[in-house]
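So the sequence lines, in the order shown, correspond to chains F and D. Take the first sequence: its position 85, counting from 1, is numbered 85 in the UniProt record's numbering, and each next residue is one higher. Take the second sequence: its position 31, counting from 1, is numbered 31 in the UniProt record's numbering, and each next residue is one higher.
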Amino acid sequence: MTTNHITANESTANHSTANESPTPYVPEHTPRLDWARQAPEVYKAMVRLDAAARKGVDPTTYELVKIRASQLNRCAFCLDMHTKDALAAGESVERIVQLSAWEESRHFYTEKELAALALTDAVTVLTDGFVPDDVYEEAARLYDERELSQLIAAITTINAWNRFGVSTRMVAGHYKSEQVK
Amino acid sequence: MSARTTVLDPAVRDAMVAFSAAAKKGLGDPGLAELLMIRASQINACAFCLDMHHDIAVAKNGENPERIALLSAWREAGTLFSERERAALELTEAVTLLTEGSVPDETYARAAQHFSETELAHVLGVITVINSWNRLMVSRRIEPGGPAW
């Protein structure tokens, strides 16, 4: 590949080697529903929640949290967006690659980031049973009460975006980070 | 059970309240909204939310208590729930259990048969907002009826 910024559509002819005929990717789907247009007040409230929840959360940590929750919820659109945002903000490819195995690659992350990731996993996979005391207590040890409350709100918010993204099958691949010039 | 925190930023709280109001108002079916909120709260095991939405459903909306009692077994509950309610409940389970898989095409298609696009967007809003409340309450271990902030 010769270009870093290709969309899913543009990439169909670009991933074969010189001696092979191109094997196209399957066609892109259309989203099930334009939920933001159908429910503009809900969308506005989500934007407001997002703005409120991010206050006081370290931006680098928050991008990791957003990518991790989107992995667990398998939100393609959200992974596309937040991976690009993280890279544009200077996050390393290595830390993003390791994120789904963070428990086995702890040395890529700070103690506070690890506590935030453990909390993200617990709050996102709520249906496996509550948020364990050890997970909560480790986060409470490293974050003050207000920071912890904001971190919980931030995890909750990306979970909400994930739900809209997956249920309406929002299309990944077209997002361009505003931070990329 | 050790207490956690009741701290919740007023701006987060107000945005959540606006989110709830927008989703419920847009759906325009308070009875259905409560069923979906109770079902998601069962799956996420949110004690505070179960307590609150049971009260709203039964005491405020006049919901039949038998329907609440059988809600977690709605698939086996015969005609106690309408086809429209069943489609919305199926969607609620899929969107709540996102980490166990996607939202299947059949589930989405069944919901789309019973709801217009605008209604469907608000059904998804109701499901998502209760999932958000569930997370805020379970994480902070807010007790039933207790102060939530």
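The beta carbon of each residue, even a glycine, is placed where N, CA and C say it ideally should be. Please read all numbers here as calculations on a predicted model, not as lab measurements.
Is R54/F close to chain D, meaning its C-beta is less than 7 Å from at least one C-beta of that chain?
Taking Cβ atoms only, chain D never reaches closer than 7 Å to R54/F, which makes this a no.
Please classify A33/D: does DSSP put it in a helix, a strand, or coil?
If DSSP states are grouped into helix, strand and coil, A33/D belongs with the helices.
Which bits of chain F does N64/D rub up against, with CB to CB less than 7 Å?
In chain order: nothing, as chain F lies at least about 27 Å away.
Indicate whether at least one CB of chain F lies closer than 7 Å to the CB of A11/D.
Between A11/D and chain F, the shortest Cβ-Cβ separation is below 7 Å.
Compare the C-alpha of T96/D against each of Q150/F, A115/F and T127/F and name the closest.
Relative to T96/D, the option among Q150/F, A115/F and T127/F whose CA is nearest is T127/F.
How many whole angstroms separate the CB atoms of Q113/D and A87/D, which I take to be in contact at a CB cut-off of 8 Å?
Sure, about 7 Å apart at Cβ, within 8 Å.
Given that a residue counts as buried once 16 or more other Cβ atoms are within 10 Å of its Cβ, and exposed if not, what is V97/F?
Label assigned to V97/F: exposed.
Of all the options E100/D, A22/D and I43/D, which has the alpha carbon lying nearest to the alpha carbon of K44/F?
The option with the nearest alpha carbon to K44/F is A22/D.
Any non-hydrogen atom of the ligand HEM closer than 6 Å to G129/F Cβ
Questions concerning the ligand HEM fall outside what the structure shown contains, since it holds no ligand whatsoever.
Does L126/F have its Cβ less than 7 Å from a Cβ in chain D?
With 7 Å as the cut-off, L126/F counts as an interface residue toward chain D.
Any C-beta of chain D sitting closer than 7 Å to the C-beta of Q38/F?
It does: the Cβ of Q38/F has a partner Cβ on chain D nearer than 7 Å.
Quick test of your reading: G26/D and E41/F, contact by CB under 8 Å. State the CB separation rounded to the nearest angstrom.
Yes, they are in contact, since the Cβ atoms of G26/D and E41/F sit about 6 Å apart, within 8 Å.
Quick one, are the C-beta atoms of L114/F and R106/F less than 7 Å apart?
Cβ atoms of L114/F and R106/F: closer than 7 Å.
Say whether the segment 150 to 163 of chain F touches the segment 61 to 80 of chain F, bearing in mind that this needs 3 or more beta-carbon pairs closer than 8 Å, one atom from each stretch.
Between the segment 150 to 163 of chain F and the segment 61 to 80 of chain F there are three or more C-beta pairs closer than 8 Å, enough to call the two in contact.
Report the neighbours of I127/D on chain F: residues whose CB is nearer than 9 Å to its CB, in chain order.
In chain order: R163 and S167.
Measure from the C-beta of R75/D to each C-beta in chain F and report whether the shortest distance is under 7 Å.
Interface flag for R75/D against chain F is unset, since no Cβ pair is found closer than 7 Å.
Can you name, in chain order, every residue of its own chain whose Cβ lies under 6 Å from the Cβ of R4/D, other than the five neighbours on each side?
Setting aside the 5 residues that flank it on each side, R4/D is surrounded in the same chain by R140 and R141, each with a C-beta closer than 6 Å to its C-beta; the list follows chain order.
Give the residues of chain D in contact with R48/F, contact being defined as C-beta atoms less than 7 Å apart.
The answer, in chain order, is A15 and A18.
Taking three-plus beta-carbon pairs below 8 Å as touching, is the segment 22 to 37 of chain F in contact with the segment 55 to 65 of chain F?
With the cut-off at 8 Å, the segment 22 to 37 of chain F and the segment 55 to 65 of chain F do not touch.
Using a 10 Å radius around the Cβ and a threshold of 16 neighbouring Cβ atoms, would you call N9/F buried or exposed?
Residue placement at N9/F cannot be trusted, given a pLDDT of 49 that sits under 50; the coordinates are not used to answer.
Looking at chain D, is there any beta carbon in it that lies within less than 7 Å of the beta carbon of R68/F?
Taking a beta-carbon distance threshold of 7 Å, R68/F does not count as an interface residue toward chain D.
Would DSSP call T110/F helix, strand or coil?
Three-state result, T110/F: coil.
Report buried or exposed for H53/D, applying the criterion of at least 16 other Cβ atoms within 10 angstroms of its Cβ.
Classification for H53/D: buried.
Can you tell me whether K105/D is buried or exposed? The criterion is at least 16 other CB atoms within 10 Å of its CB, across all chains shown.
In the sequence on display, residue 105/D carries Asp and not Lys. D105/D is classed as exposed because its beta carbon has fewer than 16 other beta carbons within 10 Å across all chains shown.
Would you say K84/F and Y25/F are within 7 Å of each other, going by their C-beta atoms?
No; because the gap between Cβ atoms is not below 7 Å, this pair is not in contact.
For a test of the three-state rule: what should DSSP assign to R163/F, helix, strand or coil?
Three-state DSSP puts R163/F in a helix.
Does the segment 33 to 41 of chain D come close enough to the segment 128 to 138 of chain D that 3 or more CB-CB pairs lie under 8 Å?
These segments touch.
Can you tell me which of N61/D, G78/D and A33/D puts its alpha carbon nearest to the alpha carbon of H122/D?
Residue A33/D is the option with its Cα nearest to H122/D.
Reduced DSSP category for K176/F - H, G, I as helix; E, B as strand; rest coil:
The answer is coil: DSSP assigns K176/F none of H, G, I, E or B.
Measure the C-alpha to C-alpha separation of A51/F and E63/D and round it to an integer number of angstroms.
About 36 Å.
So, are the CB atoms of N61/D and G28/D less than 7 Å apart?
The Cβ-Cβ distance between N61/D and G28/D does not fall below 7 Å.
Listed in chain order, which residues of the segment 103 to 122 of chain D have Cβ atoms closer than 7 Å to some Cβ of chain F?
Flagged, chain order: V103, Y108, E117, T118, L120, A121 and H122.
Where do the ends of the alpha helix (DSSP H) carrying E137/F lie?
It spans D133 to L142 - the alpha helix (DSSP H) in which E137/F sits, taken as one unbroken run.
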